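Some notes on the structure that comes next.
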Amino acid sequence: MSLESKVRKVLGRFPYEITFEIRDGVVFLDGEVEAYEEWVEIGLAVGSIKGVEGVVNRIKWKDYPEEELRRKEELRRKLYEENKGRIIGEYDVVIIGGGVAGTAIARELSKYRLKVALLEKATDVSVGASKANNGMIHPGVAPKRGTLKAKLNVRGNAMYDELARDLGVKFKRVGSLWLITPRTLQKYRRYLPGPFYKFVSAYIFPYLVKLKGMLNGVKGIRIIRGEGIWKLEPKATREAWAAVYVPSTGILDPYDLVVALAENAIANGVEIHLETEVVGFIREGETIKGVVTNRGTFLARYVVNAAGVFADEIAELAGSREYTIHPRKGVILLFDKELEGWVNHCVTELRFPAPAHTKGGGINPTVHGNILWGPTAVEVPDKTDTSVHPEEIEEILERYREIYPDFPRHRIIRYFAGVRAPTFTEDFIIRPAKWVKNLLHVAGIQSPGLASAPAIAEYAVEQLRSMGLILEPKPDFNPHREPIPRASEMSLEELDRRIKEDPRWGNIVCTCEMVSEAEIVEAIRRGASTLDAIKRRTRLGMGTCQGGYCTLKAAEILSRELGIPISQVVKENGGRLFNGAVRGEEP
Amino acid sequence: MAAAVKLAGKGYDVALIERKEELGGILDQCIHDGFGTKIFGKALSGPEFAGYFIDEVSKLGLDVHLNTYVKSVNAGGDVKELVTVSPRGVERIKARSIVYAIGCRERHPFEIKVGGTRPAGVYTAGMVQRLVNLYGILPGKRILIVGGGDVGMIVARHLYLEGVESITVVFPEEFFVGLPRNVQQCILDFNIPFRPRTVVKEIVGKERVEGAILVKVDENWRPIPGTEEFYPCDTVIFSVGLVPYAKKLRAIGAEIDPRTRGPVVNEFFETTVRGVFAAGNLVQIFDYVDDAVESAYIAADGVEKYLAGEGRLDNPVPFKPGSNVRTLTPHRLEWKDERPVVAFLRPAVEGRAWIIVRGGNGEILKKEFRQYVRPSTLERIEIPREAISGAEEVYVDVARV
Amino acid sequence: MWMSREYEVLCIRCPKGCRLRITVEGNAVHVSGFACLEGKRFGEEEVRNPKRVVTTTVRILNARYPRLPVRTAEPVPKDKIRDVIEALKGVVVKAPVRRGQVIVKDVAGTGVDVIAERDMEAVG
Numbered sequence: 000m001s002l003e004s005k006v007r008k009v010l011g012r013f014p015y016e017i018t019f020e021i022r023d024g025v026v027f028l029d030g031e032v033e034a035y036e037e038w039v040e041i042g043l044a045v046g047s048i049k050g051v052e053g054v055v056n057r058i059k060w061k062d063y064p065e066e067e068l069r070r071k072e073e074l075r076r077k078l079y080e081e082n083k084g085r086i087i088g089e090y091d092v093v094i095i096g097g098g099v100a101g102t103a104i105a106r107e108l109s110k111y112r113l114k115v116a117l118l119e120k121a122t123d124v125s126v127g128a129s130k131a132n133n134g135m136i137h138p139g140v141a142p143k144r145g146t147l148k149a150k151l152n153v154r155g156n157a158m159y160d161e162l163a164r165d166l167g168v169k170f171k172r173v174g175s176l177w178l179i180t181p182r183t184l185q186k187y188r189r190y191l192p193g194p195f196y197k198f199v200s201a202y203i204f205p206y207l208v209k210l211k212g213m214l215n216g217v218k219g220i221r222i223i224r225g226e227g228i229w230k231l232e233p234k235a236t237r238e239a240w241a242a243v244y245v246p247s248t249g250i251l252d253p254y255d256l257v258v259a260l261a262e263n264a265i266a267n268g269v270e271i272h273l274e275t276e277v278v279g280f281i282r283e284g285e286t287i288k289g290v291v292t293n294r295g296t297f298l299a300r301y302v303v304n305a306a307g308v309f310a311d312e313i314a315e316l317a318g319s320r321e322y323t324i325h326p327r328k329g330v331i332l333l334f335d336k337e338l339e340g341w342v343n344h345c346v347t348e349l350r351f352p353a354p355a356h357t358k359g360g361g362i363n364p365t366v367h368g369n370i371l372w373g374p375t376a377v378e379v380p381d382k383t384d385t386s387v388h389p390e391e392i393e394e395i396l397e398r399y400r401e402i403y404p405d406f407p408r409h410r411i412i413r414y415f416a417g418v419r420a421p422t423f424t425e426d427f428i429i430r431p432a433k434w435v436k437n438l439l440h441v442a443g444i445q446s447p448g449l450a451s452a453p454a455i456a457e458y459a460v461e462q463l464r465s466m467g468l469i470l471e472p473k474p475d476f477n478p479h480r481e482p483i484p485r486a487s488e489m490s491l492e493e494l495d496r497r498i499k500e501d502p503r504w505g506n507i508v509c510t511c512e513m514v515s516e517a518e519i520v521e522a523i524r525r526g527a528s529t530l531d532a533i534k535r536r537t538r539l540g541m542g543t544c545q546g547g548y549c550t551l552k553a554a555e556i557l558s559r560e561l562g563i564p565i566s567q568v569v570k571e572n573g574g575r576l577f578n579g580a581v582r583g584e585e586p
Numbered sequence: 000m001a002a003a004v005k006l007a008g009k010g011y012d013v014a015l016i017e018r019k020e021e022l023g024g025i026l027d028q029c030i031h032d033g034f035g036t037k038i039f040g041k042a043l044s045g046p047e048f049a050g051y052f053i054d055e056v057s058k059l060g061l062d063v064h065l066n067t068y069v070k071s072v073n074a075g076g077d078v079k080e081l082v083t084v085s086p087r088g089v090e091r092i093k094a095r096s097i098v099y100a101i102g103c104r105e106r107h108p109f110e111i112k113v114g115g116t117r118p119a120g121v122y123t124a125g126m127v128q129r130l131v132n133l134y135g136i137l138p139g140k141r142i143l144i145v146g147g148g149d150v151g152m153i154v155a156r157h158l159y160l161e162g163v164e165s166i167t168v169v170f171p172e173e174f175f176v177g178l179p180r181n182v183q184q185c186i187l188d189f190n191i192p193f194r195p196r197t198v199v200k201e202i203v204g205k206e207r208v209e210g211a212i213l214v215k216v217d218e219n220w221r222p223i224p225g226t227e228e229f230y231p232c233d234t235v236i237f238s239v240g241l242v243p244y245a246k247k248l249r250a251i252g253a254e255i256d257p258r259t260r261g262p263v264v265n266e267f268f269e270t271t272v273r274g275v276f277a278a279g280n281l282v283q284i285f286d287y288v289d290d291a292v293e294s295a296y297i298a299a300d301g302v303e304k305y306l307a308g309e310g311r312l313d314n315p316v317p318f319k320p321g322s323n324v325r326t327l328t329p330h331r332l333e334w335k336d337e338r339p340v341v342a343f344l345r346p347a348v349e350g351r352a353w354i355i356v357r358g359g360n361g362e363i364l365k366k367e368f369r370q371y372v373r374p375s376t377l378e379r380i381e382i383p384r385e386a387i388s389g390a391e392e393v394y395v396d397v398a399r400v
Numbered sequence: 000m001w002m003s004r005e006y007e008v009l010c011i012r013c014p015k016g017c018r019l020r021i022t023v024e025g026n027a028v029h030v031s032g033f034a035c036l037e038g039k040r041f042g043e044e045e046v047r048n049p050k051r052v053v054t055t056t057v058r059i060l061n062a063r064y065p066r067l068p069v070r071t072a073e074p075v076p077k078d079k080i081r082d083v084i085e086a087l088k089g090v091v092v093k094a095p096v097r098r099g100q101v102i103v104k105d106v107a108g109t110g111v112d113v114i115a116e117r118d119m120e121a122v123g
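Residue numbers (numbering that gives the first Met the number 0), protein chains in the order written: chain L, 0 to 586; chain B, 0 to 400; chain H, 0 to 123.
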């Protein structure tokens, strides 16, 4: 069957008049549907057809934000006109997006003699999905065999020991423990009467999972039954019939990794431009000449589109729209560090098929002792929708309570959401653009994006080489990056020595996490200009009181170090913390 | 400071360790009046009240460590070792006993499952109080205050006087739960609008608060579907309760009471770690600073007994809350002493009532009448030792009239 | 809860918060529900000439923080609260300051002084 007839067949399943055209393997859809969910469903249905290399979903749904998009477009055009003539510099490579993919690629490129600029529209790197995930370095069992996801996940996972060591990022290979319980194969109960159900669940299914992992190249998977399960996880549910143990799973703080990648890239010559938003491109035929931003134009020989949820918009502006991102929000619950020890591995209860709103997820420790529950997976029309609904919190608590029945669920200290950037083909899209000569797409980086990051960077740079980029290694590339020292983690002797040289090491600003003024000042020196940027680099405000004791003092320090009045201190992006002086009396 | 001053007065060698830059704790930001009516007979402001103690500390020439963070404490045994961190360096301090008076923290919106986004403009009331009163900065212009407690009302008044555009207060109860004097002086005096039986379901706004989704609740605080309403504002201030900052005590092995969320204590406010005492809001949330100070004086008496090696009861007497009592201290009697036991309890009911102290067999050991009790007001009762001698267990309950 | 000539008021003199019932008949005021003389006096004044202590801050220079907490030394008529706040607008004090020091005498014509609530040393 030709691709065309396959698409027509799939579209025939839906009660709508959907028209399409195919160009170089990319399917463009047009039409109108009622609900946003249907927009997603149709896109996914077409995206799953073998041979489809991308789905550009131009279908509109009932509440399509026509007006809002028109206003955004007007503003973009205005900024484009104002900035297209202001040349900031000439670069070999311009990377768009300061998330894990963009910064990993920047760091990888910094190994070569190239002039590289990374553009990020927020006030810090790691502000999108890269800061709002559970930090899990997946082993690579889950992705479908043969996908780019599977290949880069397994390769990337293996690269983390060295990378984390070089970058001074806390990383622990805790391993995964996937529990098989009476609920695992629930959907198939009626086909497996009586004792067959337990037999298949405990003795057949785990080996199928192991096989899947092995076919993806994952090593060391073991099946555990009985007491062995609770030797590994003493507090896990006694309902587990068996468990699949995958040793290569790791955890880290994702924003810590991204900041470290960015700092190392900068140390090796990359320019990172924050608060710099791409508003268009200057093209000559099929070649991009310059990247126009709200701060001026960056002339570029190659452009890397690693813009996360906005990658499809960037692709459109550049003239090679080959996919549409359908944002998928994930909510995560965070529990107090005092609960350290409750969970030692990345634990989840396997369910086959996976329930609609989870896409996996589970209960994970963090490298600092906190525990994370989640994430969920909900399709949302707004790319920046990081809202958490109270119902979603309850949903997570209900879903995972069966894994740790006695867990003190009231010790929640925070919850948050990140928005994933999947495309309709649900795989990574890392390839040269089809209709623009010097653009590299690095799109659709959803889970296992973090785990794959080092391999994504390697692969992306290889793609650039194949596009003609000359890679001349830099002999003085320094792979090492020193993390900000932490008063709470160093020996008392070292702390005392540091204090005697600089008393700010002894001024503890964040009581819950023991963060000293010196660390905050160092974070600012390394580029943090907002409260949240400091939080990500020092852990200030991440403890039990969630900023109650320390926010004002941190704002005071920011005000002093940046030389701005305290009423102008920003939490993140444009969000000022405060608003003016009492009775108009500026201090 | 109160415990330090009393102990120094008894001739003990006292070191006072404070993590902030100056003494006074939270009182430096409590610029409103009403402090010290029991102790001084006057309604002083927080700084003035603290000022008296600061002067005493200074007069006695006590060893004061400011800007000093206690990193770890080895509290077992007769000699307790503290490791402190300050701009002067890392120091090790040895002490024969410790009094913790590190206060409480504010409950944050995540603890009450407020949804939505997490933009700039969301604060707890204490943060705003400090911001306005010490730094002279406003948190925003259109304010929503969540919670009918004292701190929220006081901050509402501060903000009203200091020039915000609008203020509304919402809370899930039928009426404000803070002190009636604050309702009068902070809310009614200025006609600040308020909505009972209302909570915040979600916060709205990307980088800065744009509003909140309010929802009405029933008597059980359950949201009533269909009553959601978007309330535009640029600041949301949560005043939803204070919690003893007990993690430092948990870290040294002290047992924590899940009701008060503070340490389990005997009648001299000694924790389950011998020689380690607690006082003030760290034990339980006091409504009047005078009572917090009293707990410090009692703890000081306890330190004296401990250091003098005085006798303890062979069998500690458990002190248990009755079904109409939410929280109760002390949790047990452990010492041989003649002085009355000072108990603090938070009733679960409202109205005219008797506070009843019973023994293990249900016999009434003491009864005290109260004109009006309410869950938001901590009750104090003195129980003479003679009344409870011989009892193997003591129950403290509240019975409505 | 304010009815024509009968008022229910919460006494604010001390944290007890007694509920006072006040009846006004012509020039006569009758107060009940108080537990002390302060409360009785408060009730009598409250319906005729309610008074409050005003607490706020003024700008201070050369001190650790930019604001000095101040209050009226005595309660002032309730309807003068705004005037007191206005009168303090723009007032600037220089450290050092002592607790109890008079910052503004006879503020807004009330006959009451505004005093500092704390010591503030000069820094830097």
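Heads up, the beta-carbon is just placed ideally off N, CA and C, and yes, glycines get one too. All of these numbers come straight from a predicted model, not from anything done at the bench.
Cβ shell of residue i (< 6 Å), same chain only, five flanking positions each side left out
{"i": "residue 212 (chain L)", "result": "140, 220"}
{"i": "residue 12 (chain B)", "result": "none"}
{"i": "residue 0 (chain H)", "result": "With a pLDDT of 35 at residue 0 (chain H), under the threshold of 50, the modelled position of that residue is not reliable, and no figure is offered here."}
Under 8 Å between C-beta atoms of residue i and residue j
{"i": "residue 6 (chain L)", "j": "residue 26 (chain L)", "result": "yes"}
{"i": "residue 452 (chain L)", "j": "residue 174 (chain L)", "result": "no"}
{"i": "residue 34 (chain B)", "j": "residue 52 (chain B)", "result": "no"}
{"i": "residue 321 (chain B)", "j": "residue 394 (chain B)", "result": "yes"}
Interface residues of chain B facing residue i [CB-CB closer than 9 Å]
{"i": "residue 77 (chain H)", "result": "188"}
Neighbour list for residue i in chain H, Cβ cutoff strictly below 7 Å
{"i": "residue 134 (chain B)", "result": "64, 65, 66"}
Under the three-state DSSP convention, the category residue i falls into
{"i": "residue 370 (chain B)", "result": "strand"}
{"i": "residue 3 (chain H)", "result": "Bear in mind that the predicted position of residue 3 (chain H) carries a pLDDT of just 43, short of 50, making it too unreliable to give a figure here."}
{"i": "residue 306 (chain L)", "result": "coil"}
{"i": "residue 23 (chain L)", "result": "coil"}
{"i": "residue 63 (chain L)", "result": "coil"}
{"i": "residue 118 (chain L)", "result": "strand"}
Residue i: first and last residue of the uninterrupted beta strand (DSSP E) it sits in
{"i": "residue 90 (chain H)", "result": "Segment: none, residue 90 (chain H) is in no beta strand (DSSP E) and carries neither H nor E."}
Interface partners of residue i on chain L, CB under 7 Å
{"i": "residue 93 (chain H)", "result": "Those do not exist, as residue 93 (chain H) stays about 14 Å from chain L at its closest Cβ, beyond 7 Å."}
{"i": "residue 280 (chain B)", "result": "None at all; the shortest Cβ gap to chain L is about 14 Å."}
Unbroken alpha helix (DSSP H) run spanning residue i, endpoints
{"i": "residue 265 (chain B)", "result": "First-last for residue 265 (chain B): undefined, no H or E at that position."}
{"i": "residue 41 (chain H)", "result": "36-47"}
{"i": "residue 29 (chain H)", "result": "Taken as a continuous stretch (DSSP letters only), residue 29 (chain H) belongs to no alpha helix (DSSP H), being part of the beta strand (DSSP E) at 27-31."}
Interface partners of residue i on chain L, CB under 9 Å
{"i": "residue 117 (chain H)", "result": "What residue 117 (chain H) touches in chain L: nothing, since even the nearest Cβ is about 18 Å away."}
Within chain L, partners of residue i - CB distance below 8 Å
{"i": "residue 258 (chain B)", "result": "Simply none; closest approach about 13 Å."}
Neighbourhood of residue i by C-beta, 7 Å cutoff - its chain only, sequence neighbours within 5 removed
{"i": "residue 152 (chain B)", "result": "175, 177, 181, 182, 185, 186"}
{"i": "residue 147 (chain L)", "result": "426, 427, 429"}
Nonlocal neighbours in the same chain, by C-beta distance under 8 Å from residue i, ignoring five residues either side
{"i": "residue 2 (chain H)", "result": "Reliability of the predicted coordinates at residue 2 (chain H) is poor, the pLDDT of 38 falling under 50, and the value obtained from them is presented with this limitation in mind. Closer than 8 Å at Cβ, skipping near neighbours: no residue."}
{"i": "residue 387 (chain L)", "result": "330, 414, 415, 416"}
Proximal residues of chain H, C-beta to C-beta of residue i below 8 Å
{"i": "residue 125 (chain B)", "result": "Going along chain H, no residue has its Cβ under 8 Å from residue 125 (chain B), so there is no contact; the nearest lies around 15 Å."}
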